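In the numbering used here, the protein residues as written are 15 to 160.
Glycine included, C-beta positions come from ideal geometry on N, C-alpha and C.
Predicted, not measured: the structure shown is a model, and the values here were computed from it.
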């Protein structure tokens, strides 16, 4: 880390806070999953364009100089679900859906698998994923949605 020593007085007379500049850039590899309600409502092509547009906006937000760090949000995989997987709950109960999605994405996109000889190896057939996002049309906060 390098400490930035530039202090410029602002309108209130206070100097700018010290910021740390990290020398490396970081990539956050992301899988985005759209539920069947989202895909059905918009159609596959429009849902894909919508999600790619949103992810481009997210990427640009993380490029802001005020962060003092280079963070690249990478869309590793985009999944448009045509039907709900049997082991995933999608519905109006937000907590249940979040827990279910977390388990499902860990099974689908977890980075490591333990082999029978107890050695750990990387799963070459899966994309590298740091985070997963579920996009849904369901109202999940427990109140009436219109």
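Residue 91 is bridged by DSSP to 45. The C-beta distance from residue 77 to residue 40 rounds to 12 Å, too long to fall under 8 Å, and the pair is not in contact. Exclusion of the five residues before and after residue 154 leaves 106, 108, 111 as the residues of its chain whose Cβ lies within less than 7 Å of its Cβ. For residue 53, same chain residues with a beta-carbon under 7 Å away, outside a window of 5 residues either side, are 61, 94, 95, 96 in chain order. As computed with DSSP, residue 39 is found in a beta bridge with 84. The beta-carbon separation of residue 51 and residue 145, rounded to 22 Å, does not stay under the 8 Å limit for a contact.
When rounded, the separation of the alpha-carbon atoms in residue 116 and residue 80 is 31 Å. In the three-state reduction of the DSSP assignment, residue 104 falls in the coil class, being assigned neither a helical nor a strand state. Minimum Cα-Cα distance from residue 42 among the listed residues 102, 69, 64, 120 corresponds to 69. In the three-state scheme derived from DSSP, where H, G and I count as helix and E and B as strand, residue 150 is classed as coil.
Taken through DSSP and simplified to helix, strand or coil, residue 98 comes out as coil. Taking C-beta atoms under 8 Å as the contact rule, residue 148 and residue 47 qualify, at a distance of about 5 Å.
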